[in-house]
Amino acid sequence: MAARRSRIPATKYPVERFTLDNGLRVVLTPDRSAPVIGVAVVYDVGIRSEPEGRTGFAHLFEHLMFQGSENLEKLAHFRHVQGAGGTFNGSTHLDYTDYFETLPSNALERALFLEADRMRGPRLTEENLRNQVDVVKEEIRVNVLNRPYGGFPWLTLPPVLFDTFPNAHDGYGSFVDLESATVADAADFFRRYYASGNAVLAVGGDIDVAEATTLIERHFGDVPARPAPQRPDFTEPDLTEERRTSYTDQLAPLPAVAGAWRVPDPITDFAAYLPYVVLAEVLTDGDASRLVERLVQRDRAVTSLGGYVGFMGDPFDVRDPTALLLQAHLPPGGDVDKVLRTIDEELDRLATDGVAEGELARTQARMATHLLRDTDAVLGRALQMAVLEQQRGDPGLLNDLPRLVGEVTDEQVRAAAATLRPERRASIEVIPGGNR
Amino acid sequence: MTTATAPAAPRALPPLGPTRRLKLPRQAERTLGNGLTVIAVRRPAVPLVEVRLWMPFGRAHLARGAMLAQTLLSGTRTMSGVRIAAELQKVGGGLSAGIDPDRLMLSGAALVTGLDRMLEILAEVLTDASYPNDEVATERDRLVDRIQVARSQPGHLARTALLRRVYGTHPYAVQTPEAETVRAVRPAVLRTLHAQRVHPADAVLVLVGDVQPERALDAAEKALSGWNGAGHTADLPPAPPLEPGPLLLVDRPGSVQSSLRMALPGVPRTHPDHAALQLANLIFGGYFSSRWIENIREDKGYTYGGHSVVEHSVAGSVLVAAVDVATEVTGPALLETTYELGRLATVAPREDELEQARQYALGTLQLGMSTQAGLASLTSAYAGSGLRLEFLAEHAARLAKATVADVAEAAARYLAPAGAVTVVLGDAERIGSQLATLAPVTTEPARP
Chain A
1 MAARRSRIPA TKYPVERFTL DNGLRVVLTP DRSAPVIGVA VVYDVGIRSE
51 PEGRTGFAHL FEHLMFQGSE NLEKLAHFRH VQGAGGTFNG STHLDYTDYF
101 ETLPSNALER ALFLEADRMR GPRLTEENLR NQVDVVKEEI RVNVLNRPYG
151 GFPWLTLPPV LFDTFPNAHD GYGSFVDLES ATVADAADFF RRYYASGNAV
201 LAVGGDIDVA EATTLIERHF GDVPARPAPQ RPDFTEPDLT EERRTSYTDQ
251 LAPLPAVAGA WRVPDPITDF AAYLPYVVLA EVLTDGDASR LVERLVQRDR
301 AVTSLGGYVG FMGDPFDVRD PTALLLQAHL PPGGDVDKVL RTIDEELDRL
351 ATDGVAEGEL ARTQARMATH LLRDTDAVLG RALQMAVLEQ QRGDPGLLND
401 LPRLVGEVTD EQVRAAAATL RPERRASIEV IPGGNR
Chain B
437 MTTATAPAAP RALPPLGPTR RLKLPRQAER TLGNGLTVIA VRRPAVPLVE
487 VRLWMPFGRA HLARGAMLAQ TLLSGTRTMS GVRIAAELQK VGGGLSAGID
537 PDRLMLSGAA LVTGLDRMLE ILAEVLTDAS YPNDEVATER DRLVDRIQVA
587 RSQPGHLART ALLRRVYGTH PYAVQTPEAE TVRAVRPAVL RTLHAQRVHP
637 ADAVLVLVGD VQPERALDAA EKALSGWNGA GHTADLPPAP PLEPGPLLLV
687 DRPGSVQSSL RMALPGVPRT HPDHAALQLA NLIFGGYFSS RWIENIREDK
737 GYTYGGHSVV EHSVAGSVLV AAVDVATEVT GPALLETTYE LGRLATVAPR
787 EDELEQARQY ALGTLQLGMS TQAGLASLTS AYAGSGLRLE FLAEHAARLA
837 KATVADVAEA AARYLAPAGA VTVVLGDAER IGSQLATLAP VTTEPARP
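Chains as they are written, first to last, in the working numbering: chain A, 1 to 436; chain B, 437 to 884.
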């Protein structure tokens with residue numbers, strides 16, 4: 001009897017695309033079911049583009065984009081968004097930096113004004129720069145230095161897997177580099193990367209397309225035209241032999257390990273890439289997944305386990321080179337070698353025998369739920385469509401992802417598993433130094 | 437200067453359009469014969485359904501309660517834990533269990549076509565969870581590991597110290613069990629606790645998503661009416677009033693930041709001061725554009741972020757302000773925090789500050805209702821304190837009406853720094869004297 005299989009549902013989010021004369025690409029996705037909107041501006045620059053000696057600069061610059069702009073004093077951006085009933089944020093990724101707000105829909109024009117104003121130019125002052133260097137240092141302390149497993153593995157594993165500065169360096173940055181940053185650096189970074197031709201604006205939610213188009217032209221139309229810079233080639237050769245390293249985390253009470261394997265190019269070879277995204281879930285999504293069942297339940301060799309594609313868990317908004325990651329926390333005295341060996345054994349078994357009856361279908365159904373849930377908020381939809389437009393010229397792909405994930409075959413998953421060999425693996429072990 | 441371009445004329449901030457009225461989604465409610473309340477809410481944006489089951493669980497034994505939540509989904513007489521997870525996955529579903537001193541909660545989401553199956557599995561777990569020996573042993577070790585990791589986190593340690601200081605002998609005072617007590621929990625004890633406490637009387641099931649509410653209620657009734665109504669509930673004593681005293685300094689040698697936590701009196705959602713207190717709290721530190729954050733982050737760079745929020749529990753409400761600051765500015769950060777609390781408690785806020793906070797409070801109500809997961813969590817939290825979504829509209833009306841005088845009065849009553857219970861976790865050697873300048877200090881070691 002064939003396994004019972006849930007039909008994978010699809011969304012039909014509408015997509016309107018156009019480009020302003022200054023090169024700004026725009027994506028609109030109306031949904032009038034609730035009186036709220038999401039506005040996202042994505043610039044095609046991220047951690048990989050920051051210069052040597054300026055680690056952490058892309059993220060520091062993201063902070064500076066909130067410090068006032070042509071017509072806005074410091075603090076004004078926050079007050080205008082929140083005073084309209086909205087929330088805001090920004091985030092810096094490997095390949096892009098996003099700025100976004102979600103608000104009641106009567107604030108549409110205000111949000112467009114705010115984003116256009118800083119696209120024309122942030123107020124880059126020495127005082128604001130020093131203030132935000134202090135803030136970013138506290139961000140690094142709270143997220144990395146003052147807690148166990150800080151930066152594990154997203155900051156600690158790339159330098160094992162990669163050799164070149166863009167891919168390997170610490171994207172949060174060293175305190176020395178952050179303190180060395182100057183206003184001139186910031187002005188230069190803005191001029192190079194924050195060009196209208198290097199940005200995508202996406203608006204989702206309770207909008208009328210014609211009205212929104214008029215407002216976008218009104219506010220963004222006279223942003224000076226500047227072309228996108230040439231994106232450097234960040235490719236690196238794959239590993240040819242295993243790499244393994246370790247470090248002591250003074251605050252960590254338990255051992256941990258993470259491993260990564262390179263995967264196909266997410267943009268130019270999407271069909272070959274997608275099976276790895278599915279494989280990560282087959283291995284680690286929930287108590288019925290391969291590695292959780294084996295390592296957590298059966299062997300009791302690890303206490304928790306996760307797996308995903310992309311160092312920031314971002315399979316559909318990252319470019320090459322990227323990786324499939326597995327990470328595990330071990331019980332006291334746990335044996336990292338044994339965990340890695342077991343993972344190899346399970347990958348072998350999967351590559352040889354394939355998935356069990358129904359195993360792939362249920363994983364795909366669960367992935368559909370996760371994908372759909374991520375698009376429920378209009379802001380999430382706008383952000384994802386903005387990045388899909390920027391990296392692929394295809395924001396509508398968002399509607400197709402659950403189906404495409406569902407079309408990945410057993411054979412493709414097996415083939416993907418077969419490539420995750422120990423000799424292509426980079427791994428890092430956390431040796432607990434705390435509570436001992 | 438003949439070639440310079442004229443400075444661009446300043447551009448004016450566009451005004452806001454007309455406010456859209458708060459519109460509640462379509463919903464239905466039914467109390468089943470076994471006492472279970474079911475609330476179904478329609479929000480069809482994505483073809484999913486969110487599930488939240490809130491079960492009162494006050495006064496449960498701490499380690500046993502934690503282990504029950506950890507193993508509730510570990511198996512039934514006919515299904516293993518792996519099988520339960522796989523069956524849920526088939527319909528795109530997943531469930532997780534969590535516990536706090538008020539309630540046991542099962543929550544999850546699935547493809548909406550899987551609602552019936554999800555409810556079937558939920559019913560089987562509720563009526564037939566078997567706490568298998570092997571799985572309980574595994575999960576016991578995992579819980580002990582998790583507690584150990586939690587206790588290496590400064591945020592957890594600071595919170596633990598604050599709760600102990602705020603609640604004294606109340607059941608809320610200790611919310612994480614000791615490893616030793618977890619190790620002592622046996623499967624038979626979990627089966628007994630389940631029989632005593634996992635029952636539908638006073639429980640609330642919330643279903644939100646692409647459902648027809650009446651049909652969702654029918655599905656819930658069909659799946660869950662066989663869940664047994666027997667068992668007992670336990671009422672929590674009211675939370676004690678705050679007892680301000682010396683600042684408690686919890687020593688964490690080598691800490692590169694200090695975790696400052698302040699508790700102030702709060703009121704429940706239904707209290708006449710609730711809306712005014714919410715607005716006062718926003719003006720103080722409840723959002724980014726608050727006095728506190730603009731001061732200690734955007735002006736002084738002491739912190740990445742802080743937050744102040746009124747936390748509602750069944751036995752009482754409390755306002756907690758939390759911020760992590762650089763070790764070397766711990767004293768100055770406490771000074772600014774006390775200053776901003778004191779300033780709002782003694783001098784009325786400006787009209788424009790109140791308007792900005794009011795718009796934020798009203799707008800974020802709309803945002804919170806605009807997703808299935810947001811609506812589900814809100815509906816469930818409200819239902820846990822005996823409220824329904826209609827309360828949102830009443831609350832919005834109170835927010836809209838609150839005056840500067842109301843907010844000033846609430847600030848004077850609740851935000852006065854003299855009424856605060858303060859805990860700082862950090863490197864005592866480096867921050868002890870900074871803090872002692874500002875307040876009497878008692879020091880104790882962090883309890884790992």
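Don't be surprised by glycine CBs; every beta carbon is placed ideally from N, CA and C.
Asked	Found
Ignore the nearest five residues each way along the sequence and tell me which others in leucine 678 of chain B's own chain have a CB closer than 8 Å to its CB.	Val602, Ala699, Leu700, Pro701, Val754, Gly855, Ala856 and Val857
By DSSP, does phenylalanine 100 of chain A sit in helix, in strand, or in coil?	strand
What does glutamine 795 of chain B reach in chain A if we use C-beta pairs closer than 8 Å?	Gln82, Gly83, Ala84 and Gly85
I need the straight-line Cα distance from leucine 718 of chain B to serine 744 of chain B, nearest angstrom please.	8 Å
Name the residues in the stretch 269-303 of chain A whose C-beta lies less than 7 Å from a C-beta of chain B; which are they?	Gly286, Asp287, Ala288, Glu293, Gln297, Arg300 and Thr303
Any Cβ of chain C within less than 8 Å of the Cβ of aspartate 134 of chain A?	Of the protein chains in this structure, namely A and B, none is chain C.
Can you list, in chain order, the residues of the stretch 16-46 of chain A whose Cβ is nearer than 9 Å to any Cβ on chain B?	Asp31, Ser33, Ala34, Pro35 and Val36
Cα-Cα, which of A:Glu16, A:Tyr273, A:Glu139 and A:Asp222 is closest to glutamate 115 of chain A?	A:Asp222
Within 10 angstroms of the Cβ of alanine 84 of chain A, are there 16 or more other Cβ atoms? Answer buried if so, exposed if not.	buried
Under 9 Å between beta-carbons, which chain A residues line up against methionine 805 of chain B? List them in chain order, please.	Ala34 and Val36
Note the first and the last residue of the continuous beta strand (DSSP E) segment covering serine 532 of chain B.	530-535
Does the beta carbon of lysine 526 of chain B come closer than 8 Å to any beta carbon on chain A?	yes
Check for me: the alpha helix (DSSP H) holding methionine 491 of chain B runs from which residue to which?	No alpha helix (DSSP H) contains methionine 491 of chain B, which is instead part of the beta strand (DSSP E) from 484-492.
Enumerate in chain order the residues of its own chain whose CB-to-CB distance from alanine 228 of chain A is below 7 Å, with the five nearest sequence positions on each side excluded.	Asp44, Ala195, Gly197 and Asn198
Taking 8 Å as the CB-CB limit, is threonine 97 of chain A close to chain B?	no
Go ahead and label glutamine 250 of chain A buried or exposed: buried means 16 or more other beta carbons lie within 10 angstroms of its beta carbon, across all protein chains shown.	exposed
Buried or exposed for glycine 721 of chain B, going by 16 or more other Cβ atoms inside 10 Å?	buried
Against chain A, which members of the stretch 504-524 of chain B pass a CB distance test of less than 7 Å?	Gly517, Val518, Ala521 and Ala522
Quick one: Cα of glycine 46 of chain A to Cα of asparagine 399 of chain A, how far?	26 Å
Taking 8 Å as the threshold (beta carbon to beta carbon), is leucine 254 of chain A in contact with chain B?	yes
Going straight from the alpha carbon of alanine 416 of chain A to that of tryptophan 261 of chain A, what length do you get?	11 Å
Applying a beta-carbon distance threshold of less than 8 Å, which residues of chain A neighbour arginine 447 of chain B?	Glu70, Asn71, Phe113 and Asp117
Under a Cβ-count criterion, where at least 16 other Cβ atoms within 10 Å of its own Cβ denotes burial, should tyrosine 247 of chain A be classed as buried or exposed?	exposed
Does the beta carbon of threonine 439 of chain B sit closer than 8 Å to a beta carbon anywhere in chain A?	At threonine 439 of chain B the pLDDT is 45, less than 50, meaning the model places this residue with poor confidence and gives no usable figure here.
Taking all protein chains shown into account, do 16 or more other C-beta atoms lie within 10 angstroms of the C-beta of leucine 460 of chain B, making it buried, or fewer, making it exposed?	exposed
If you draw a straight line from the alpha carbon of leucine 653 of chain B to that of glutamate 764 of chain B, how long is it in whole angstroms?	57 Å
If you count every other CB in all the chains shown that lies within 10 Å of the CB of arginine 436 of chain A, and 16 or more means buried, which is it?	At arginine 436 of chain A, the pLDDT of 39 sits below 50, so the modelled position is not reliable; the number obtained from the coordinates is stated separately. Under this definition arginine 436 of chain A is an exposed residue.
Less than 8 Å between CB atoms is the rule here; does serine 725 of chain B satisfy it with respect to chain A?	yes
Where do the ends of the beta strand (DSSP E) carrying histidine 748 of chain B lie?	739-749
Skipping 5 residues on each side, what residues in its chain have a beta carbon closer than 8 Å to that of alanine 838 of chain B?	Ala711, Ala712, Leu715, Leu790 and Arg794
Thinking just about the alpha-carbon of each residue, which of A:Leu383, A:Phe66, A:Pro51 and A:Phe162 is nearest to the one in phenylalanine 189 of chain A?	A:Pro51
In this structure, what does DSSP give as the bridge partners for glutamate 429 of chain A?	A:Ser246 and A:Val257
Hey, would you say valine 527 of chain B sits closer than 8 Å to alanine 288 of chain A, going by beta carbons?	no
Which residues does DSSP list as the beta-bridge partners of isoleucine 37 of chain A?	A:Leu103 and A:Gly205
What does asparagine 106 of chain A touch in chain B if you count any residue whose Cβ is under 8 Å from its own?	Leu452, Gly453, Pro454, Thr455 and Arg456
DSSP on glycine 804 of chain B, reduced to helix/strand/coil?	helix
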